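**Q** The structure that follows is given in the form of structure tokens.
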Amino acid sequence: MTLRLSKPDFSLLDKVPKDVRSRVTVGMKLLRDPVDLVVVHRDADNVGHEVRQSEIETAVREAGVTSSVMPVIPVRMTEAWLLLDESGIRQVAGNPRGRKDLRLPKAHEIENVADPKHVLKECLVNAADVSGRRHDRITKRFFQHRRQLLERLDCTGPVSGLPSWKRLVADIDAVVEQWK
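Residues 109 to 288 in the numbering used here are what the sequence shown lists, from first letter to last.
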């Protein structure tokens with residue numbers, strides 16, 4: 109069995125609407141080849157997991173996709189999951205031995221943080237513990253730092269205890285079970 113991961117390059121087109129149905133429809137056309145699994149990421153934000161899952165299922169059905177679908181629905185934002193890794197935040201910020209208090213939320217509070225992206229930005233700056241131009245550089249590199257934290261995410265670590273992560277794992281298991 110061969111695994112090939114693809115992500116449609118929406119930048120090849122003038123403007124693709126941001127709704128799920130449009131993204132899936134255009135994405136399937138851009139990929140051209142048939143796919144076995146469509147992964148749709150949509151933050152739960154303030155509407156909740158069930159609403160987002162229904163939105164994804166409806167959009168994919170209306171787009172005429174017959175492939176298996178994997179919804180990825182973190183509570184609020186994906187950044188919430190990253191707030192569980194203090195040492196990773198310090199490492200990515202370039203100050204692994206730093207001692208400054210990052211004021212990270214407790215694990216049981218993570219999924220209730222109103223704006224995890226903002227909190228993560230502040231934590232990265234605090235972890236770097238720099239000022240002036242270096243402070244500005246850290247701030248400007250947020251998206252790169254976030255990507256690095258996602259790449260380092262320990263799937264069996266603290267994130268594995270979060271309800272949103274458990275749902276993701278259950279959804280993956282369900283798709284794999286369908287394929288058997």
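Even for Gly, the Cβ is constructed at its ideal location relative to N, Cα and C. Quantities reported herein were computed from a predicted structural model and do not represent experimental measurements.
(1) Roughly how many angstroms separate the alpha carbons of residue 247 and residue 217, rounded to a whole number?
(2) Comparing alpha-carbon positions, which option in 182, 137, 176 lies nearest residue 268?
(3) With DSSP collapsed to three states, give me the class of residue 147.
(4) Helix, strand or coil for residue 153? Go by DSSP, reduced to three states.
(5) From the DSSP secondary-structure annotation, give me the bridge partner or partners of residue 179.
(6) Please say whether residue 148 and residue 128 have beta carbons closer to each other than 8 Å?
(7) Less than 8 Å between C-beta atoms, sequence neighbours within five positions excluded: which residues of the same chain meet that for residue 209?
(8) Classify residue 83 as helix, strand or coil using the three-state DSSP reduction.
(9) Near residue 170, what residues of its chain come up, given a Cβ to Cβ distance below 6 Å and the 5 sequence neighbours on each side ignored?
(10) Just mark residue 311 as buried or exposed, buried being the case when its beta carbon has 16 or more other beta carbons within 10 Å.
(11) Taking the CB atoms as reference points, tell me whether residue 232 and residue 178 lie closer together than 8 Å.
(12) From this set, 281, 229, 275, which residue's C-alpha is nearest residue 198's C-alpha?
(13) Excluding the five sequence neighbours on either side, which residues of its own chain have a C-beta within less than 6 Å of the C-beta of residue 168, listed in chain order?
(14) Candidates 288, 121, 254, 154: which alpha carbon is nearest residue 201's?
(15) What residue range is occupied by the uninterrupted alpha helix (DSSP H) comprising residue 137?
(16) What are the start and end residues of the alpha helix (DSSP H) that includes residue 204?
(17) Which same chain residues end up closer than 7 Å to residue 185 when comparing Cβ atoms and leaving out the 5 residues on each side of it in sequence?
(18) Taking buried to mean at least 16 other C-beta atoms within 10 Å of its own C-beta, is residue 282 buried or exposed?
**A** From the atom records:
(1) Stepping through the sequence shown from its first residue, residue 247 is reached at position 139. Stepping through the sequence shown from its first residue, residue 217 is reached at position 109. Straight across, the Cα-Cα distance linking residue 247 with residue 217 is about 25 Å.
(2) Residue mapping note: residue 268 aligns to position 160 of the sequence shown, counting from 1. When each option's Cα is compared against that of residue 268, the closest is 182.
(3) Locating residue 147 in the sequence shown gives position 39, counting from the first residue. It is a strand residue.
(4) In the sequence shown, the residue the question calls residue 153 occupies position 45. In the structure shown, residue 153 sits in a strand (DSSP, three-state: E or B).
(5) Locating residue 179 in the sequence shown gives position 71, where the first residue counts as 1. 148, per the DSSP bridge assignment.
(6) Reading the sequence shown from its first residue, position 20 is the one you call residue 128. Reading the sequence shown from its first residue, position 40 is the one you call residue 148. Yes; because the gap between Cβ atoms is below 8 Å, this pair is in contact.
(7) As a first step, residue 209 must be located in the sequence shown, where it is residue number 101. If we look at residue 209 and ignore the five residues flanking it on each side, its Cβ neighbours are 234.
(8) No answer is possible for residue 83: the residues shown for the chain start at 109 and end at 288.
(9) Here residue 170 corresponds to residue number 62 of the sequence shown, with the count starting at 1. Once the five neighbours on either side are set aside, the close Cβ partners of residue 170 are 129.
(10) This structure cannot settle anything about residue 311, because the visible part of the chain is limited to 109 through 288.
(11) Taking the first residue of the sequence shown as position 1, residue 232 is located at position 124. Taking the first residue of the sequence shown as position 1, residue 178 is located at position 70. No, the Cβ-Cβ distance between residue 232 and residue 178 is not below 8 Å.
(12) Start at 1 with the first residue of the sequence shown, and residue 198 comes out as number 90. Out of 281, 229, 275, 229 has the C-alpha closest to the C-alpha of residue 198.
(13) Indexing the sequence shown from 1 puts residue 168 at position 60. For residue 168, same chain residues with a beta-carbon under 6 Å away, outside a window of 5 residues either side, are 132, 177 in chain order.
(14) For the purposes of this step, residue 201 is taken as residue 93 along the sequence shown, with counting starting at 1. The residue with the shortest Cα to Cα distance from residue 201 is 254.
(15) Position 29 of the sequence shown, counting from 1, holds the residue named residue 137. From DSSP, the alpha helix (DSSP H) with residue 137 extends over 128-139.
(16) Here residue 204 refers to the residue found at position 96 of the sequence shown. It is not in any alpha helix (DSSP H) - residue 204 carries neither H nor E in the DSSP assignment.
(17) Position 77 of the sequence shown, counted from the first residue, corresponds to residue 185. Within the same chain, residue 185 has close Cβ partners 151, 224, 225.
(18) On the sequence shown, residue 282 is found 174 positions in, with the first residue counted as 1. With fewer than 16 other Cβ atoms within 10 Å, it is exposed.
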